[in-house]
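Engineer: Please read through the structure below; I'll follow up with questions.
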DNA sequence: CCAGTTTCATAACATCACGTTATGTAGACC
DNA sequence: GGTCTACATAACGTGATGTTATGAAACTGG
């Protein structure tokens with residue numbers, strides 16, 4: 003006995019609403035349609051679903067039992083509809099986001115927390131990688147959004163880059179570091195302190211090398227390498243070590259008052275931090291929503307950073 | 003967003019079976035049919051349900067979420083099918099059975115217990131009534147089966163009567179009643195004992211009157227009237243009162259050894275105990291099954307009673 | 001008991017979704 | 001790179017589902 007789940011839905015609606023007319027109205031169909039459908043169903047089953055010759059159509063025991071199942075179909079269907087609606091509104095779904103480790107840990111993780119506060123049904127898969135891997139993952143369709151620094155002129159095939167922050171690295175150290183008191187730090191001052199280096203294949207490592215070369219300090223001693231942002235922060239706060247970090251990361255940590263940035267111009271990398279998305283496949287609503295959220299947050303962040311720098315400048319000039 | 007529950011079923015089957023081909027086989031449909039249906043569903047939803055360009059078709063997060071709902075639809079549908087199958091096999095449903103009070107309590111109740119032992123999903127609504135009411139209820143469709151005594155020549159309109167036992171009433175009393183020792187009881191012996199009378203509108207009451215008239219005893223004192231079988235038995239066992247009961251009822255109670263029947267010919271009523279069913283509406287499978295069960299039980303009962311009587315006769319003759 | 005109202009059943013018809021077979025195409029695997 | 005398997009597409013027939021119009025039957029009130 004194979005039944006059509008739609009027939010069960012109709013039966014449930016008619017039983018629950020108390021009549022064909024009401025049931026038809028509830029389902030948005032015509033009354034004769036339901037009448038015929040239920041007649042056919044009764045004929046197929048070979049047993050009456052409604053007591054014959056009763057005008058306010060009353061279900062039999064069997065009709066009630068089957069209506070119960072129809073109710074289950076209706077609720078499952080409604081749940082499915084809700085899932086689709088939420089998905090299309092970006093309120094639900096999966097977002098696979100990747101980026102350079104330090105940015106993800108230092109900046110994006112906080113934004114993800116804010117985003118999930120408002121969108122609890124959106125699942126976020128975070129992964130780490132550098133521009134090349136991220137681009138590959140995006141074109142392969144295994145990633146929805148990447149957040150990484152990228153050269154302004156670099157146009158990778160099949161991906162779209164949307165700059166959100168100018169690249170700006172600073173020399174970071176613990177809040178009470180000896181060099182923090184100086185209003186101006188010279189390259190020579192840096193020589194005596196140990197350095198924490200990012201992984202050698204990271205853009206940040208290149209930035210570090212380039213920054214030190216610009217300053218004129220080629221020889222520097224590396225005391226720690228390979229850790230994630232969390233371990234870097236631990237070591238920085240527990241020692242007088244220095245490292246190069248994106249200013250945005252240092253800025254986001256300002257509330258904890260554990261890290262500071264030296265007043266030292268180390269030269270901007272020729273890259274912008276930005277959002278990388280695949281050009282081919284249209285992003286899922288949740289991914290698009292998350293992307294828009296991140297972009298907006300960074301917009302606010304850029305303004306805040308600017309205000310903060312103005313403030314620091316003003317206080318420094320005083 | 004209104005979805006077709008059948009599409010969800012198909013999605014669930016494909017996701018669970020791991021492919022279109024397997025899903026099609028599981029549903030008893032062709033592979034292209036599912037392919038097109040799911041394509042349309044994806045198009046309607048506006049989002050992919052399966053990761054594109056993967057050969058062992060792998061569902062997306064959304065696809066999995068909707069498949070979960072489809073699974074609910076499938077289980078509800080399967081449950082509905084099971085209900086129908088059990089209903090058609092008479093293994094489930096509602097049986098409304100009515101009959102004369104004493105018979106229902108004394109004989110049928112025990113059969114109902116046996117029936118429900120084997121058919122736990124069949125619900126039985128028991129009601130009481132006499133031939134006239136029962137016939138009316140049957141033709142009105144508010145009763146599936148009636149069990150009552152009926153004259154052999156009485157043919158009510160629209161109902162069918164199937165005799166199952168010859169009507170046979172006996173004078174009943176408690177097991178240790180003074181009259182029980184006598185091998186032969188005369189009408190005069192009955193005069194000194196009080197009588198329990200059934201309700202005056204019951205056929206049993208008429209039987210009592212007729213039986214006593216046949217015997218020649220018109221004047222008898224009635225000490226109790228109006229109770230159900232349970233109270234009649236209580237009073238019989240606690241006193242030396244007499245009453246008229248169908249022999250089948252006394253026989254069914256033989257195990258308890260509380261009641262006995264006097265060796266007194268009181269004349270058979272011109273009625274048979276039988277099953278009354280509506281001729282018009284075909285009985286529900288469960289009702290038909292119950293009717294067959296009761297008929298078979300009574301068949302066995304008739305044989306047992308006969309053997310018992312033979313046995314009694316033989317012992318009495320010895 | 002009768003008239004009015006409501007509620008369901010039936011008829012006739014159009015359309016679209018579904019199921020079929022045949023066939024093309026693209027990952028996957030060795 | 002060749003082959004196999006699995007999915008997608010095409011073309012077509014049929015049947016179920018939707019519609020409106022209308023009839024019949026049952027509940028309502030006086």
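Protein chains in written order, with this note's numbering: chain A, 3 to 320; chain B, 3 to 320.
Ideal Cβ positions, reconstructed from N, Cα and C, are used throughout, including at glycine.
Give me the DSSP bridge partner(s) of residue 128(A).
Structural biologist: Working through the first chain from its first residue, we reach residue 128(A) at position 126. 99(A).
Engineer: Short of 7 Å Cβ to Cβ, which residues in the region 59-86 of chain A face chain B?
Structural biologist: Those residues of the region 59-86 of chain A that come within reach of chain B (Cβ to Cβ, closer than 7 Å) are 63, 64, 67, 68, 71, 74, 75, 78, 79, 81, 82, 83, 85 and 86.
Engineer: Does the distance from the C-beta atom of residue 268(A) to that of residue 213(A) stay below 7 Å?
Structural biologist: Here the question's residue 268(A) lines up with position 266 in the first chain. Here the question's residue 213(A) lines up with position 211 in the first chain. Yes; because the gap between Cβ atoms is below 7 Å, this pair is in contact.
Engineer: Going by the beta-carbon positions, is the gap between residue 271(B) and residue 228(B) smaller than 7 Å?
Structural biologist: Position 269 of the second chain, counted from the start, is the residue given in the question as residue 271(B). Position 226 of the second chain, counted from the start, is the residue given in the question as residue 228(B). No, the Cβ-Cβ distance between residue 271(B) and residue 228(B) is not below 7 Å.
Engineer: By alpha-carbon positions, which one of 258(A), 252(A), 275(A) and 274(A) ends up nearest to residue 264(A)?
Structural biologist: To locate residue 264(A), count along the first chain from 1; it is residue 262. Of the candidates 258(A), 252(A), 275(A) and 274(A), the one whose C-alpha sits nearest the C-alpha of residue 264(A) is 252(A).
Engineer: Ends of the alpha helix (DSSP H) at residue 74(A)?
Structural biologist: Start at 1 with the first residue of the first chain, and residue 74(A) comes out as number 72. From DSSP, the alpha helix (DSSP H) with residue 74(A) extends over 63-90.
Engineer: Would residue 277(A) pass as a contact of residue 149(A) if the rule is Cβ separation under 7 Å?
Structural biologist: Counting from one through the first chain, the residue named residue 277(A) turns up at place 275. Counting from one through the first chain, the residue named residue 149(A) turns up at place 147. A contact, by the Cβ cut-off of 7 Å.
Engineer: First and last residue of the alpha helix (DSSP H) that includes residue 46(B)?
Structural biologist: Along the second chain, read from residue 1 onward, the residue named residue 46(B) stands at position 44. Residues 33-47.
Engineer: Consult DSSP for residue 176(B) and reduce its assignment to one of helix, strand or coil.
Structural biologist: Within the second chain, residue 176(B) is the residue found at index 174, counting from 1. Residue 176(B) falls in the strand class under three-state DSSP.
Engineer: Of the choices 177(A), 89(A) and 80(A), whose alpha-carbon is the least far from that of residue 242(A)?
Structural biologist: Numbered from 1 along the first chain, position 240 holds the residue referred to as residue 242(A). Taking only the C-alpha atoms, the option nearest residue 242(A) is 177(A).
Engineer: What's the gap between the Cα of residue 160(B) and the Cα of residue 133(B)?
Structural biologist: Sequence index remark: in the second chain, residue 160(B) carries index 158 (1-based). Sequence index remark: in the second chain, residue 133(B) carries index 131 (1-based). Cα to Cα, the separation comes out at about 13 Å.
Engineer: Just the Cα atoms here: how many angstroms apart are residue 175(A) and residue 103(A)?
Structural biologist: Position 173 of the first chain, counting from 1, holds the residue named residue 175(A). Position 101 of the first chain, counting from 1, holds the residue named residue 103(A). About 19 Å.
Engineer: Within 10 Å of its beta-carbon, does residue 179(B) have 16 or more other beta-carbons around it, so buried, or fewer, so exposed?
Structural biologist: Residue 179(B) sits at position 177 when you count from the first residue of the second chain. Buried, because 16 or more other Cβ atoms sit within 10 Å of the Cβ of residue 179(B).
Engineer: Which residues share a DSSP beta bridge with residue 278(A)?
Structural biologist: Working through the first chain from its first residue, we reach residue 278(A) at position 276. Note: residue 278(A) sits in a beta bridge opposite 148(A) and 163(A).
Engineer: Could you spell out the range, first to last residue, of the beta strand (DSSP E) harbouring residue 261(B)?
Structural biologist: The count along the second chain starts at 1 and reaches residue 261(B) at position 259. Taken as a continuous stretch (DSSP letters only), the beta strand (DSSP E) holding residue 261(B) covers 261-263.
Engineer: Which two residues bound the contiguous beta strand (DSSP E) that contains residue 247(B)?
Structural biologist: Numbered from 1 along the second chain, position 245 holds the residue referred to as residue 247(B). Element bounds for residue 247(B): 244-248.
Engineer: According to a CB-to-CB cut-off of less than 7 Å, which residues of the region 153-165 of chain A neighbour chain B?
Structural biologist: Flagged: no residues at all.
Engineer: Can you list, in chain order, the residues of its chain whose CB lies under 7 Å from that of residue 187(A), leaving out five sequence neighbours each side?
Structural biologist: Numbered from its first residue, the first chain carries residue 187(A) at position 185. Within the same chain, residue 187(A) has close Cβ partners 181, 264, 265 and 266.
Engineer: Would you check if there are 3 or more beta carbon pairs closer than 8 Å linking the region 35-44 of chain B to the region 12-27 of chain B?
Structural biologist: Output reads yes: the region 12-27 of chain B touches the region 35-44 of chain B.
Engineer: Looking at the unbroken beta strand (DSSP E) that takes in residue 226(B), where does it start and where does it end?
Structural biologist: To locate residue 226(B), count along the second chain from 1; it is residue 224. First-last of the beta strand (DSSP E) with residue 226(B): 224-227.
Engineer: Report the rounded CA-to-CA distance for residue 319(B) versus residue 313(B), giving the unit in angstroms.
Structural biologist: The sequence position of residue 319(B) within the second chain is 317, counting from 1. The sequence position of residue 313(B) within the second chain is 311, counting from 1. Only weak support is given to the placement of residue 319(B): the predicted model assigns it a pLDDT of 44, under 50, and the value that follows is read from those uncertain coordinates. Spanning the two alpha carbons is a distance of roughly 10 Å.
Engineer: Between residue 113(B) and residue 311(B), is the Cβ-Cβ spacing less than 7 Å?
Structural biologist: The residue labelled residue 113(B) in the question sits at position 111 within the second chain. The residue labelled residue 311(B) in the question sits at position 309 within the second chain. For residue 113(B) and residue 311(B), no; Cβs fall outside 7 Å.
Engineer: How would you call residue 58(B), buried or exposed, if buried means at least 16 neighbouring beta carbons within 10 angstroms?
Structural biologist: Counting from one through the second chain, the residue named residue 58(B) turns up at place 56. It counts as exposed.
Engineer: Am I right that residue 69(B) and residue 109(B) are in contact with their C-beta atoms under 8 Å? What's the rounded C-beta distance?
Structural biologist: Working through the second chain from its first residue, we reach residue 69(B) at position 67. Working through the second chain from its first residue, we reach residue 109(B) at position 107. Their Cβ separation, rounded to whole angstroms, is 55 Å, which puts residue 69(B) and residue 109(B) out of contact at 8 Å.
Engineer: At a CB-CB cut-off below 7 Å, which residues of chain B make contact with residue 286(A)?
Structural biologist: Your numbering for residue 286(A) matches position 284 in the first chain. What residue 286(A) touches in chain B: 49.
Engineer: What does DSSP give as the partner residues of residue 52(B) in its beta bridges?
Structural biologist: Taking the second chain and counting its residues from 1, the one referred to as residue 52(B) is at position 50. According to DSSP, which records beta bridges pairwise, residue 52(B) is partnered with 61(B).
Engineer: Could you spell out the range, first to last residue, of the alpha helix (DSSP H) harbouring residue 190(B)?
Structural biologist: Working through the second chain from its first residue, we reach residue 190(B) at position 188. Where residue 190(B) is concerned, the enclosing alpha helix (DSSP H) stretches over 189-192.
Engineer: So which of 247(A), 56(A) and 41(A) has the shortest CA-CA distance to residue 169(A)?
Structural biologist: Reading the first chain from its first residue, position 167 is the one you call residue 169(A). Residue 247(A) is the option with its Cα nearest to residue 169(A).
Engineer: Give the DSSP-derived three-state secondary structure of residue 199(A) in the structure shown.
Structural biologist: Against the first chain, residue 199(A) aligns to sequence position 197. Here residue 199(A) sits in strand by DSSP.
Engineer: When you compare the CB positions of residue 274(B) and residue 165(B), do they come within less than 7 Å of one another, or not?
Structural biologist: On the second chain, position 272 is the one that residue 274(B) refers to. On the second chain, position 163 is the one that residue 165(B) refers to. Cβ distance < 7 Å, so residue 274(B) and residue 165(B) count as in contact.
Engineer: Given that residue 130(B) touches chain A, what residues does it touch there, using C-beta distances under 8 Å?
Structural biologist: Counted from its first residue, the second chain places residue 130(B) at position 128. The contacting residues do not exist; residue 130(B) stays about 21 Å from chain A at best.
Engineer: Please name the residue in 223(B), 83(B), 295(B) and 167(B) whose C-alpha comes closest to that of residue 194(B).
Structural biologist: In the second chain, residue 194(B) corresponds to position 192, counting from 1. The candidate whose alpha carbon is nearest that of residue 194(B) is 223(B).
Engineer: Considering only the alpha carbon of each residue, which of 301(A), 302(A), 210(A) and 292(A) lies closest to residue 120(A)?
Structural biologist: Indexing the first chain from 1 puts residue 120(A) at position 118. Closest option to residue 120(A), Cα to Cα, is 292(A).
Engineer: Using beta carbons (cut-off 7 Å, strictly below), is residue 89(B) in contact with chain A?
Structural biologist: Walking along the second chain from the start, residue 89(B) turns up at place 87. Yes, its Cβ sits closer than 7 Å to a Cβ of chain A.
Engineer: Since I believe residue 279(A) is in contact with residue 285(A) (beta carbons under 8 Å), could you give me their beta-carbon distance rounded to a whole number of angstroms?
Structural biologist: Position 283 of the first chain holds residue 285(A). Position 277 of the first chain holds residue 279(A). Contact flag correct, Cβ pair sits at about 6 Å.
Engineer: Please check the pair residue 72(A) and residue 52(A), which I expect to be a contact at CB under 8 Å, by giving their CB distance rounded to whole angstroms.
Structural biologist: Indexing the first chain from 1 puts residue 72(A) at position 70. Indexing the first chain from 1 puts residue 52(A) at position 50. Actually they are not in contact, since the Cβ atoms of residue 72(A) and residue 52(A) sit about 14 Å apart, beyond 8 Å.
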